[in-house]
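Student: The numbering used here numbers the first residue of the sequence shown as 1 and each following residue consecutively.
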Amino acid sequence: MLSAECHWYDTDYTFLSADTLEKYKRHGLTQVTAYIFPVDDVEAVLLASRLLIFHTVFDDYFELCPATEMAAIRDHLIAVLLGEPPTPTDLGLFRQVAAVRDECRKAGMPDFWFERLADSFHRYITYGVMEEVPYKLAGVFPSLAYGLSIHDAAIGMRPHFTMAELVNDCLLPEVVYRHPMLQRLLDVHHRLFVVQNDLFSLDREIHRETEVINHILALRHWEGMSLHDACADVMRMNDRYVKEAADLHAALLEVPSFAPFRETIDRYARSLETILTGMNQWYQEGRSIRYDASGGYPEPEYASPRPSRRDT
């Protein structure tokens, strides 16, 4: 998978600076999918890797893109996901999206699944990226409640939860996917990823002037907590959501009308759990410089002014 990853970088990510491109090659992002999708289907895991790398670079590159400009980028991304070809002037990012789309079509995924994937990116960009960027550009913390809402969307795991249906052969019927309990399960897992990400990225983000969404730093800012107490508060939050996720998993298997789909639902819910635990393993064991405080994280390269965070 490493050779494929390097090939993607060297063909479709050459719009990045040489320094940033070298950092990505040392991030080990194909390791992530090996941890979160521990299956034997190498082609499916490689496809998930292509999506993950695209999403990671997209998130980093456009981190400080003004919301007014991001709306058009979002709409074009979704159009490509749903079938439009990239334009000759597009960044290589969009060629990667088209490749993901074509490979998913080849794997036999139905139209409603593509709509699901497109909606997951729409949520991530509209309610996450576009709502956080004014605060990042101003260096101002949103309220705790609003900040968590933004962070839930900006953590951007729904596309990868959707990809789990392909990789783990657990395509959810629409009647199951749209059920409030299933949607709540996805929301809870997003919150668990927020907690996980904020803990593991704290050493890096505490030094970034634009980082006003990390919930640990927000607790320090709004509640005057020490970092130790804020981390403890976040861990208690984690424990509550772990229990709720387990309860929702069990409850979904009780729905009488879902009897024909119980095996699929169970496999999907277990996939979400494996993604979470696999990511945790990667944070601790993976060979990556991405979360090093010493500068392994690429700075956003889409042109924007650099703000200063206001801690008071």
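Note that beta-carbon positions come from the ideal geometry of N, C-alpha and C, so glycine has one too.
The structure displayed is predicted, hence computed values, not measured ones.
Should A251 be counted as a contact of the ligand ZN given a C-beta to heavy atom distance under 7 Å?
Tutor: Among the ligands in the structure shown, none appear at all, so the ligand ZN cannot be discussed.
Student: D311 by DSSP, collapsed to three states: which one?
Tutor: Sequence index remark: in the sequence shown, residue 311 carries index 311 (1-based). Note on D311: pLDDT 49, under 50, position unreliable in the model; the coordinate value appears next. Of the three classes helix, strand and coil, the one that applies to D311 here is coil, per DSSP.
Student: Around the Cβ of A245, are there at least 16 other Cβ atoms within 10 angstroms (buried) or fewer (exposed)?
Tutor: Looking up residue 245 in the sequence shown gives position 245. That one is buried.
Student: Between Q96, Y24, I125 and L171, which has its C-alpha nearest I150's C-alpha?
Tutor: One-based indexing of the sequence shown puts residue 150 at position 150. Nearest option by C-alpha distance: I125.
Student: From this set, A44, G139, G128 and I155, which residue's C-alpha is nearest R101's C-alpha?
Tutor: What you label residue 101 is simply residue 101 of the sequence shown in a count that begins at 1. Answer by Cα proximity: A44.
Student: Scan the stretch 116-185 and note each continuous beta strand (DSSP E) run of 3 residues or more that stays entirely inside, going in chain order.
Tutor: none
Student: Please work out which residues of its chain come closer than 6 Å, Cβ to Cβ, to A164, disregarding the five sequence neighbours upstream and downstream, and give them in chain order.
Tutor: Residue numbering aside, residue 164 sits at position 164 when the sequence shown is read from its first letter. Closer than 6 Å at the Cβ level, and outside the excluded window around A164, lie S271.
Student: Given a cut-off of 8 Å, decide if Q183 and N280 are closer than it, judged by their beta-carbon atoms.
Tutor: The residue you call residue 280 lines up with position 280 of the sequence shown. The residue you call residue 183 lines up with position 183 of the sequence shown. Not a contact, by the Cβ cut-off of 8 Å.
Student: When you compare only the Cα positions, how much space is there between Q284 and L276?
Tutor: Locating residue 284 in the sequence shown gives position 284, where the first residue counts as 1. Locating residue 276 in the sequence shown gives position 276, where the first residue counts as 1. One alpha carbon belongs to Q284, the other to L276, and they sit about 13 Å apart.
Student: Tell me the rounded alpha-carbon separation between A153 and Y146.
Tutor: Position 153 of the sequence shown, counting from 1, holds the residue named residue 153. Position 146 of the sequence shown, counting from 1, holds the residue named residue 146. Cα-Cα distance, rounded: 11 Å.
Student: For the alpha helix (DSSP H) holding I206, just list the boundary residues, first then last.
Tutor: Position 206 of the sequence shown holds residue 206. I206 -> no alpha helix (DSSP H), and no H or E assigned at all.
Student: Restricting to Cα atoms, I'd like to know which of R290, G128 and W222 is closest to S201.
Tutor: Stepping through the sequence shown from its first residue, residue 201 is reached at position 201. Out of R290, G128 and W222, R290 has the C-alpha closest to the C-alpha of S201.
Student: Sorted by chain position, which residues of the same chain lie with C-beta nearer than 8 Å to R220's C-beta, five sequence neighbours on each side aside?
Tutor: For this step, residue 220 is matched to residue 220 along the sequence shown. Excluding positions up to five away in sequence, the list reads S226, L227 and A230.
Student: If you draw a straight line from the alpha carbon of L217 to that of V140, how long is it in whole angstroms?
Tutor: For the purposes of this step, residue 217 is identified with residue 217 of the sequence shown, where counting begins at 1. For the purposes of this step, residue 140 is identified with residue 140 of the sequence shown, where counting begins at 1. For L217 and V140, the distance between alpha carbons rounds to 12 Å.
Student: How should G128 be labelled, buried or exposed, when 16 other C-beta atoms within 10 angstroms of its C-beta is the threshold for buried?
Tutor: To locate residue 128, count along the sequence shown from 1; it is residue 128. G128 should be labelled buried.
Student: Could you say which of V39, Y35, L47 and F37 lies nearest to W8 if we only look at CA atoms?
Tutor: Here residue 8 is taken as the residue at index 8 of the sequence shown, counted from 1. If we check each option's Cα against that of W8, L47 comes out closest.
Student: Judging by CA-CA distance, which residue of R105, T68 and F58 is the nearest neighbour of L93?
Tutor: Against the sequence shown, residue 93 aligns to sequence position 93. Closest by alpha carbon: F58.
Student: Which whole-angstrom value describes the C-beta separation of I53 and L29, a residue pair presumed to lie in contact below a C-beta threshold of 8 Å?
Tutor: Taking the sequence shown and counting its residues from 1, the one referred to as residue 53 is at position 53. Taking the sequence shown and counting its residues from 1, the one referred to as residue 29 is at position 29. I53 to L29, Cβ: 5 Å. Contact.
Student: Among E223, V133, R204 and A98, which residue has its Cα nearest to the Cα of A118?
Tutor: Here residue 118 refers to the residue found at position 118 when the sequence shown is read from its first residue. A118 has its Cα closest to that of A98, out of E223, V133, R204 and A98.
Student: Which residue spans inside the stretch 251-280 form an unbroken beta strand (DSSP E) run of at least 3?
Tutor: none
Student: Mapping the DSSP letters down to three states, classify A313 as helix, strand or coil.
Tutor: Not covered by the structure: residue 313. The range shown for the chain is 1 to 312.
Student: Could you tell me the distance, in whole angstroms, from the CA atom of H122 to the CA atom of D75?
Tutor: For the purposes of this step, residue 122 is taken as the residue at position 122 of the sequence shown. For the purposes of this step, residue 75 is taken as the residue at position 75 of the sequence shown. Taking the straight line joining both Cα atoms gives about 8 Å.
Student: Work out the CA separation of R191 and T20 for me, nearest whole Å.
Tutor: The residue labelled residue 20 in the question sits at position 20 within the sequence shown. The residue labelled residue 191 in the question sits at position 191 within the sequence shown. Whole-angstrom Cα-Cα distance: 29 Å.
Student: Given a threshold of 16 other Cβ atoms within 10 Å of its Cβ, counted over all protein chains shown, does A269 qualify as buried or as exposed?
Tutor: Counted from its first residue, the sequence shown places residue 269 at position 269. Classification for A269: buried.
Student: So, does the stretch 231-251 touch the stretch 157-172, judging by three or more C-beta pairs under 8 Å?
Tutor: no
Student: In terms of alpha-carbon separation, which member of V32, L16 and F261 lies closest to G278?
Tutor: Numbered from its first residue, the sequence shown carries residue 278 at position 278. Per the Cα distances, V32.
Student: Mind checking which residues open and close the alpha helix (DSSP H) that includes H215?
Tutor: Position 215 of the sequence shown, counted from the first residue, corresponds to residue 215. H215 to E223 is the span of the alpha helix (DSSP H), which, as asked, contains H215.
Student: Which residue comes first and which comes last in the alpha helix (DSSP H) that contains I73?
Tutor: Your numbering for residue 73 matches position 73 in the sequence shown. For I73, the uninterrupted alpha helix (DSSP H) run begins and ends at A67 to L81, by DSSP.
Student: Considering only their Cβ atoms, is the gap separating L137 from L91 smaller than 8 Å?
Tutor: Stepping through the sequence shown from its first residue, residue 91 is reached at position 91. Stepping through the sequence shown from its first residue, residue 137 is reached at position 137. Contact: no.
Student: Let me know the secondary structure DSSP gives L314 once reduced to three states.
Tutor: Given that the chain is displayed from residue 1 to residue 312, the structure contains no residue 314 and the question cannot be resolved.
Student: Which residue's Cα is closest to the Cα of V175: I206, F114 and V255?
Tutor: Taking the sequence shown and counting its residues from 1, one reaches residue 175 at position 175. The residue with the shortest Cα to Cα distance from V175 is V255.
Student: Give the DSSP-derived three-state secondary structure of Y297 in the structure shown.
Tutor: Stepping through the sequence shown from its first residue, residue 297 is reached at position 297. Of the three classes helix, strand and coil, the one that applies to Y297 here is coil, per DSSP.
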